[in-house]
Amino acid sequence: MLAALLFLGIFSFFAFTASTADIRAPIRPPLKPLHILTLTTFAPSGRPDSYPTNSAVNISASDPNSMTVIACATTWPVFEYATVWNRINPCSESSGATKNSKWTFQLLTPTASGQGASPLWNFRVHFVHETEKGIYVATGKFGVDDGNLSGLCSASGVCSFVLKGDNVTVPLYRLER
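Taking our numbering, the leading residue of the sequence shown gets 2, the next gets one more, and so forth.
See the structure below:
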């Protein structure tokens with residue numbers, strides 16, 4: 002009799018923990034990738050009295066998961082490339098914005114060593130989307146050698162590069178809190 006009660010108690014414990022494990026660990030569907038709509042970079046010649054005097058990166062992207070379109074931009078003084086790396090820049094949500102939602106982005110060197118890095122034609126972009134439901138991140142690499150940027154620098158020093166192709170996506174991931 003004691004053995005039967007002990008067996009029943011152990012069986013009930015394992016049956017209960019197995020059923021609650023499913024409740025605690027919901028399966029989330031995979032996130033759809035972030036779609037990069039436009040990406041442009043520009044650097045002026047840097048000659049004295051030339052206009053404009055700042056280099057720039059402009060990006061627009063759509064997130065099919067939150068139904069938002071974002072516009073991201075950053076500028077820096079010409080030739081001062083060191084000031085642009087790892088700086089957190091705000092993005093604006095042009096449509097589908099939800100309350101308490103914030104997008105930011107950073108330009109990162111293409112590799113850990115920073116070898117061959119240029120914020121005009123060889124870089125990574127790290128996006129962060131903070132919402133009440135969680136934090137989502139996406140990092141994409143862009144470069145002429147990667148085949149997703151095209152452009153040139155003229156003899157005067159003016160450089161301009163644009164996104165190559167119309168179906169450029171970046172995987173989006175949810176960070177656990």
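Beta carbons are placed, not taken as given, at the ideal position from N, Cα and C, and that holds for glycine.
Contiguous beta strand (DSSP E) assignments of at least 3 residues, all confined to the stretch 95 to 126
103 to 109
Where does Pro30 land, buried or exposed, given buried means 16+ other C-beta within 10 angstroms?
exposed
Write down the C-beta distance between Ser95 and Ala72 rounded to the nearest angstrom, noting that I regard them as a contact closer than 8 Å.
6 Å
Mapping the DSSP letters down to three states, classify Tyr82 as helix, strand or coil.
helix
Taking 8 Å as the limit between beta carbons, can you name the residues of its chain near Lys165, skipping five residues before and five after?
Gly148, Asn149, Leu150, Ser151
In whole angstroms, what is the alpha-carbon distance linking Asp64 and Ser102?
13 Å
Of all the options Arg88, Trp77, Tyr174, Ser93, which has the alpha carbon lying nearest to the alpha carbon of Gly135?
Tyr174
Suppose you measure from the CA of Ser56 to the CA of Gln116; what does that come to, to the nearest Å?
20 Å
So, under 8 Å CB-CB, Thr54 and Pro45 are touching, yes? Tell me the CB distance rounded to an integer number of Å.
6 Å
Chain-order list of residues whose beta-carbon lies under 8 Å from that of Arg88 (same chain, five-residue window excluded)
Thr75, Gln107, Leu108
My output table needs one value for Asn55: the three-state DSSP class, helix, strand or coil.
strand
Do Val171 and Thr140 have their CB atoms nearer than 8 Å?
yes
In its own chain, which residues sit with a C-beta less than 6 Å from the C-beta of Val145, not counting the 5 before and 5 after it?
Trp122
With 16 other Cβ atoms within 10 Å as the buried cut-off, status of Leu176
exposed
Please report how far the alpha carbon of Phe143 lies from the alpha carbon of Trp104, in whole angstroms.
19 Å
Cβ-based burial, Leu153 [other Cβ within 10 Å; buried from 16]:
exposed
Neighbour-count burial assignment, Ala118, 16 or more Cβ in a 10 Å radius:
buried
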